[in-house]
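In our numbering, the protein residues as written are 3 to 224.
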Amino acid sequence: MFTGSFVALVTPFRNGKVDEAKLRELVELHVANGTDGLVPCGTTGESPTLSHDEHKRVIEVVVQAARKRIKVLAGTGSNATAEALDLTRHAERAGADGALVVNPYYNKPTQEGLYRHFRAVAESVAIPIVVYNIQSRTAINVETVTMARLARDCHNVRGVKRTPRTWCTPRSTTTGSARASCITGSSRWRGWRSSRPTPSPSRKRWRWRACSSRSSGCRCAA
3 MFTGSFVALV TPFRNGKVDE AKLRELVELH VANGTDGLVP CGTTGESPTL
53 SHDEHKRVIE VVVQAARKRI KVLAGTGSNA TAEALDLTRH AERAGADGAL
103 VVNPYYNKPT QEGLYRHFRA VAESVAIPIV VYNIQSRTAI NVETVTMARL
153 ARDCHNVRGV KRTPRTWCTP RSTTTGSARA SCITGSSRWR GWRSSRPTPS
203 PSRKRWRWRA CSSRSSGCRC AA
């Protein structure tokens with residue numbers, strides 16, 4: 003579903019407003035250089051500092067500029083389930099190819115709470131959901147058993163993007179399911195999501211291709 007080099011876009015501003023023209027330029031840069039996918043409104047896009055209207059507009063602009071030439075995995079997570087539902091539904095209506103939904107930060111929910119949160123989001127849309135498991139910024143980890151339940155019970159929970167402190171975590175301890183992909187900036191599985199390739203996307207794409215073709219089975223680069 004999502005494989006290759008996905009780039010977390012910055013959100014350009016000019017005079018206190020989202021610079022839509024520059025945002026479209028960034029999309030064209032990545033299309034021209036062979037980037038596989040874009041992640042607007044993620045951590046790198048500073049989504050916590052965007053108003054709801056700005057957040058939604060960024061997703062709309064990126065999807066419109068992409069014109070299905072490149073995948074768009076829209077950041078739609080929140081620590082409030084109702085807000086995550088609203089942003090994810092909007093991303094689907096806007097035409098995003100999937101949604102990246104971060105752990106509910108600050109609240110520190112239980113594993114059951116995490117399961118119910120992500121399941122509610124997944125069941126509200128038809129597009130694929132990628133769980134964004136970033137414990138260092140959210141103070142909570144989606145445990146393997148929880149991820150396995152989500153992959154089992156929600157047909158559109160298709161992967162997990164994680165930012166681990168260690169390298170090459172086996173998929174079984176990451177997603178709990180052979181069906182769910184691991185998309186990460188520092189592991190070895192099916193996708194690489196990085197905030198660094200914006201200045202030189204073609205180089206990062208070249209590294210991805212080189213690494214994914216290795217006989218060792220390494221599927222992404224750091």
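For every residue, glycine included, the Cβ atom is placed at its ideal position computed from N, Cα and C.
Remember, it's a predicted structure, so these values are computed and weren't measured experimentally.
Residue i: first and last residue of the uninterrupted beta strand (DSSP E) it sits in
i: residue 153; result: Taken as a continuous stretch (DSSP letters only), residue 153 belongs to no beta strand (DSSP E), being part of the alpha helix (DSSP H) at 146-155.
i: residue 28; result: Looking at the DSSP string, residue 28 is not in any beta strand (DSSP E); the run it does join, the alpha helix (DSSP H), is 22-34.
i: residue 134; result: 131-135
i: residue 163; result: 159-164
i: residue 102; result: 100-104
i: residue 74; result: 73-77
Cβ pair residue i, residue j closer than 8 angstroms
i: residue 240; j: residue 47; result: A query on residue 240 cannot be resolved here, the shown segment of the chain reaching from 3 to 224 and no further.
i: residue 20; j: residue 69; result: no
i: residue 108; j: residue 139; result: no
i: residue 83; j: residue 127; result: no
i: residue 121; j: residue 155; result: yes
i: residue 26; j: residue 67; result: yes
i: residue 77; j: residue 53; result: no
Span separating the alpha-carbon of residue i from that of residue j
i: residue 94; j: residue 63; result: 14 angstroms
i: residue 7; j: residue 110; result: 31 angstroms
i: residue 161; j: residue 18; result: 35 angstroms
i: residue 144; j: residue 80; result: 15 angstroms
Start-to-end residues for the alpha helix (DSSP H) that takes in residue i
i: residue 120; result: 113-125
Integer Cβ distance of residue i from residue j, believed to fall under 8 angstroms
i: residue 98; j: residue 74; result: 5 angstroms
i: residue 225; j: residue 72; result: The displayed coordinates of the chain run from 3 to 224. Any statement about residue 225 would go beyond what the structure contains.
i: residue 4; j: residue 132; result: 7 angstroms
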